[in-house]
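Protein chains in written order, with full-length UniProt numbering: chain A, 1 to 128; chain B, 1 to 412. Note that the Cβ used here is the ideal one computed from N, Cα and C, for glycine as well.
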């Protein structure tokens, strides 16, 4: 079954209650997201998913030279960064988009849906 | 044109979408489907003049295209070639169930118009895969370089494949929402051909014809859908007036000034029949009309009058009132105001239009309508200024020519 990455983006630095307006709102979003995850697992569509620590805690490693070069901060310079994600399995894009709609509603963020490369895609690259 | 050429041209019109759609189902790949269909038509161009026109051109084309597709897969596949080809040659499997209607072309329409694709990509794919227009023709019609259009189509097909956009008709409950997007694509194609500049650019006229043809196809596939019927009626009633729309010197002629003698009576008759069909359906309990049915009804009222003065304007206002309950956008309100001017006078219409000033300041038709009302109220200086602004914003030369003439006619 095709796999999709569902990414949620948020600000570089978070406010007191994550990106939420109040503690109540934050707790409600956590609860809704938890319920959505359970539903995904029961349907056999959940591969992996979690929230990430804020983007400022990231380190970029460039190991292409003899000595690795480390840079403090996220790879992309951007106002918004990856804040959490799911890896799901869905029969096709329509199902993935329907799940992303639920995910977005649960976590209260915009969700980007992106397909994973498939074995076929790799074969295509090897054959070319 | 020889009879074989004519037969190929007719088959292209009638069978292209069917051949591509059938191949897309069988091979699950739009690229293969499109290229194999193109090769089959190219073979027909070579062979039919010599061998004669086959008794069943559609069947001949499908068989030939299928062979081409298998040849291509054989050439490309490095693994298990024989097995794969054999499987495809003997694949008589029943098509997967596809929901309310099982027609390959309907699936292709919903795939090409998938909401995950950008609007311009949907339009391009629809014209290429369902309309059979060449990439060069589509690029020319939308005034962009062929290379850009080719990239747009390639990227869209790549996304369909990589993201697993389903090749199927949406479930019954999703059809309505997804169909709105399909109709929007067809209407956009139609308008692109209809609102084209004054020049007799055949390809842009072809776009309107193509949109009508595709809407007819959609209607044959979804005969009970009111909005599909409404869109077809709207297009037919609009296109019927094409010949009267531009004067010999290339200026736009407004509805009120058109020579109604050159309107296409057969098309008007067809459009009226479609509108009546919907009125009867709604009276018999079908759901209330949507925006295309209401716009078609407005156009039916216009084309029903022998002279502009004989137009049933209260009926037009009533239809716009119903449209407002579905879509209260400023454009609908602007069009409604035009009819209001005929029923309640220019003053009330102007008051309504002026309330849209902030939202529509950048829209030429807003200033043109305003200018016309001011002219009729003999507020010449204000009219002149409004025409200036309309001319500045108008996108096509026919419209500018009309507005300039109107402005020149102002007294004082």
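Check your understanding: Going straight from the alpha carbon of residue 77 of chain A to that of residue 11 of chain A, what length do you get?
Key -> 12 Å
Review point. So who's on the other strand from residue 48 of chain B, going by DSSP bridges?
Key: Bridge partners of residue 48 of chain B: none, in fact.
Practice item. Please decide whether residue 400 of chain B counts as near chain A, where near means a Cβ-Cβ distance under 8 Å. Key: no
Practice item. Give a yes or no on whether the minimum CB-CB distance between residue 164 of chain B and chain A is below 8 Å. Key: yes
Practice item. Inspect the beta-carbon positions of residue 289 of chain B and residue 226 of chain B and report whether they are closer than 8 Å. Key: yes
Check your understanding: In whole angstroms, what separates the C-alpha of residue 19 of chain B from that of residue 5 of chain A?
Key -> 35 Å
Point to revise | Span separating the alpha-carbon of residue 42 of chain B from that of residue 140 of chain B | key: 22 Å
Review point. Under 8 Å between C-beta atoms, does residue 2 of chain A make it to chain B?
Key: yes
Review point. Is it a yes or a no for the segment 14 to 31 of chain A touching the segment 63 to 72 of chain A, going by three-plus beta-carbon pairs under 8 Å?
Key: no
Review point. Beta carbon of residue 127 of chain B, beta carbon of residue 210 of chain B: below 8 Å?
Key: yes
Check your understanding: Nearest chain A C-beta to residue 116 of chain B closer than 8 Å, yes or no?
Key -> yes
Practice item. Could you say if the segment 244 to 262 of chain B and the segment 373 to 393 of chain B meet the contact criterion of at least three C-beta pairs nearer than 8 Å? Key: no
Exercise for review: Tell me, please, whether the CB atom of residue 93 of chain A is closer than 8 Å to any CB atom in chain D?
Suggested key: Structure shown: chain D not included; protein chains present are A and B.
**Study point:** Test: residue 115 of chain A CB closer than 8 Å to a CB of chain B
**Key:** yes
Point to revise | Sheet register partners of residue 6 of chain A (DSSP bridge) | key: A:86, A:113
**Study point:** Backbone CA spacing between residue 317 of chain B and residue 339 of chain B [nearest angstrom]
**Key:** 6 Å
Point to revise | Within chain B, partners of residue 97 of chain A - CB distance below 7 Å | key: 116
Check your understanding: residue 299 of chain B: buried (16+ other C-beta within 10 angstroms of its C-beta) or exposed?
Key -> buried
Check your understanding: Do residue 33 of chain B and residue 24 of chain B come within 8 Å of each other at the CB atom, strictly closer than that value?
Key -> yes
Review point. When you check each C-beta in the segment 28 to 46 of chain A against every C-beta of chain B, which residues fall closer than 8 Å?
Key: none
Check your understanding: Counting Cβ pairs closer than 8 Å, one from the segment 312 to 327 of chain B and one from the segment 346 to 365 of chain B, do we hit at least three?
Key -> no
Exercise for review: Would you grab the beta carbon distance between residue 133 of chain B and residue 112 of chain B for me? Rounded to a whole angstrom, and I think it's under 8 Å.
Suggested key: No, residue 133 of chain B and residue 112 of chain B are not in contact; Cβ-Cβ is about 13 Å, not under 8 Å.
Practice item. Would you verify that the beta carbon of residue 121 of chain A is, or is not, closer than 8 Å to some beta carbon of chain B? Key: yes
**Study point:** Proximity winner among B:257, B:255, B:190, B:281, relative to residue 231 of chain B (alpha-carbon distances)
**Key:** B:190
Point to revise | Proximity to residue 57 of chain B [Cα-Cα], best of B:9, B:30, B:142, B:218 | key: B:9
Check your understanding: Below 8 Å between beta carbons: does that hold for residue 73 of chain A and residue 56 of chain A?
Key -> yes
Review point. Since residue 48 of chain A contacts residue 8 of chain A with CB under 8 Å, what's their CB separation in whole angstroms?
Key: Not really, about 14 Å apart at Cβ, beyond 8 Å.
Review point. Is it buried or exposed for residue 123 of chain A, if we count other Cβ within 10 angstroms and need 16 for buried?
Key: exposed
Exercise for review: Note down the Cα distance separating residue 121 of chain A from residue 164 of chain B, rounded to an integer number of angstroms.
Suggested key: 12 Å
Check your understanding: Starting from residue 46 of chain A and walking both ways along the beta strand (DSSP E), at which residues does that stretch end?
Key -> 46 to 51
Point to revise | Coarse secondary structure for residue 164 of chain B, derived from DSSP in three states | key: coil
**Study point:** Secondary structure of residue 330 of chain B, DSSP reduced to three states
**Key:** helix
Review point. Candidates B:252, B:12, B:177: which alpha carbon is nearest residue 399 of chain B's?
Key: B:252
Exercise for review: Have a look at residue 217 of chain B and residue 23 of chain A and give me their C-alpha separation to the nearest angstrom.
Suggested key: 55 Å
Check your understanding: From B:355, B:357, B:407, pick the residue whose C-alpha is nearest to that of residue 371 of chain B; which is it?
Key -> B:407
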